[in-house]
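Numbered by the numbering used here, the letters in the sequence shown go through residues 50 to 164 in order.
Think of the CB as a built atom: it goes at the ideal place given N, C-alpha and C, for glycine as much as any other residue.
All values derive from a computational prediction rather than experimental measurement.
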Amino acid sequence: MVSINLLFGIAGSIVSFTQSPLTAPPVPAKPSEAPLVGEIRKTGTGSSTLVRVNIDNKGKAFDCTVVEASGSTFLDEKACEIVTNTAKFRPSTNSKGETVPAYGTKIRIRWNIGE
50 MVSINLLFGI
60 AGSIVSFTQS
70 PLTAPPVPAK
80 PSEAPLVGEI
90 RKTGTGSSTL
100 VRVNIDNKGK
110 AFDCTVVEAS
120 GSTFLDEKAC
130 EIVTNTAKFR
140 PSTNSKGETV
150 PAYGTKIRIR
160 WNIGE
């Protein structure tokens with residue numbers, strides 16, 4: 050099972066959460082996670098990828114760029130895939146309370162293999 054820790058650096062603060070495994074996970078629509086596990090073992094559990102993304106006013110990430118590589122191109126590409134295709138964000142708001150895009154949000158993904 051894969052455990053991914055995401056560290057969000059927004060406006061100078063860092064919030065950390067871990068995606069918990071589900072008791073009855075859905076059937077994956079994408080290829081097996083075996084290549085992901087293999088790359089984590091090769092690169093070393095605890096390695097990380099830091100990405101920079103923009104988040105639109107609906108909370109969807111786009112324009113992902115790797116800022117600090119993990120040592121594995123596969124994992125770095127997977128980090129952007131996870132953030133842009135899976136992660137959900139609460140949109141930023143301006144002083145009027147209106148949702149606005151956020152640019153340059155940094156997110157660190159730590160690659161660990163759970164028990």
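Out of Gly-93, Cys-113, Gly-87 and Thr-94, point me to the one whose CA is closest to Tyr-152's CA.
Cys-113
Terminal residues of the continuous alpha helix (DSSP H) containing Lys-127?
122-134
In the DSSP assignment, what are the bridge partners of Leu-99?
Glu-117 and Arg-157
How about Val-115 and Cys-129: are their beta carbons less than 8 Å apart?
yes
For Thr-94 and Glu-147, I'd like the C-alpha separation in whole angstroms.
40 Å
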